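Engineer: One structure is given below, represented as structure tokens, and several questions about it will come after.
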Amino acid sequence: MAMLTEMVAAVAVVVSIVACGIAGYCYYQARCWMLQAESERRALQGDMRALAAAASGVGERIRELEQRIYSLSRRQEQQELNESGSHSYQQARKLAQRGADAEQLIDIYGLTRGEAELLSMLHRMEKEGAETH
52 MAMLTEMVAA VAVVVSIVAC GIAGYCYYQA RCWMLQAESE RRALQGDMRA
102 LAAAASGVGE RIRELEQRIY SLSRRQEQQE LNESGSHSYQ QARKLAQRGA
152 DAEQLIDIYG LTRGEAELLS MLHRMEKEGA ETH
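Count the sequence shown with my numbering and you get residues 52 to 184, in order.
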């Protein structure tokens with residue numbers, strides 16, 4: 052019976068040693084996986100920082116482009132207004148040359164009283180100057 056007890060004890064020691072070996076191996080594997088995961092996490096964190104910086108730059112560039120588009124749009128609108136206003140003045144000038152008075156120029160082309168009177172006066176003066184020569 053003593054021998055049986057010794058064998059059981061020896062088997063228990065061997066099983067304990069094997070269990071410790073397996074536990075040590077599992078710990079080693081878990082540690083390796085954890086270190087690899089930490090390394091990958093740091094790499095991903097660096098990538099995220101780079102993406103955030105790039106996105107910030109893109110956002111700033113988009114704001115600059117939006118401001119530029121707005122500015123160009125305003126300039127185009129102003130130019131269109133100037134061109135349409137210039138066309139109206141040309142038409143008003145032609146009507147004044149045909150003898151229209153200031154009231155007609157105001158009503159038809161929406162000129163201010165000063166603009167209409169100035170056009171009428173200029174064309175009266177041109178007409179009078181042409182008649183004297």
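All C-beta atoms in this analysis are idealised placements derived from N, C-alpha and C, irrespective of residue type, glycine included.
Nothing here was measured: the structure is a model prediction, and the numbers come from that model.
Are A153 and E168 closer than 8 Å when you measure CB to CB?
Structural biologist: Their beta carbons are under 8 Å apart, which means A153 touches E168 by this criterion.
Engineer: Looking only at C-alpha atoms, which of E177, L173, Q141 sits nearest to Y160?
Structural biologist: Of E177, L173, Q141, the residue nearest in Cα terms is Q141.
Engineer: If we count the other Cβ atoms within 10 Å of its Cβ and call it buried at 16 or more, is L162 buried or exposed?
Structural biologist: It counts as buried.
Engineer: Measure the beta-carbon distance from L170 to A143 and round it to whole angstroms, keeping in mind my assumption that it falls under 8 Å.
Structural biologist: With 8 Å as the limit, L170 and A143 qualify as a contact, their Cβ atoms being about 6 Å apart.
Engineer: Is DSSP giving G161 helix, strand or coil here?
Structural biologist: Three-state DSSP puts G161 in coil, outside helix and strand.
Engineer: What separation, rounded to the nearest whole angstrom, lies between the Cα atoms of E117 and A105?
Structural biologist: The alpha-carbon atoms of E117 and A105 are separated by roughly 18 Å.
Engineer: Is it buried or exposed, A151, if we count other Cβ atoms within 10 angstroms and call 16 or more buried?
Structural biologist: A151 comes out buried.
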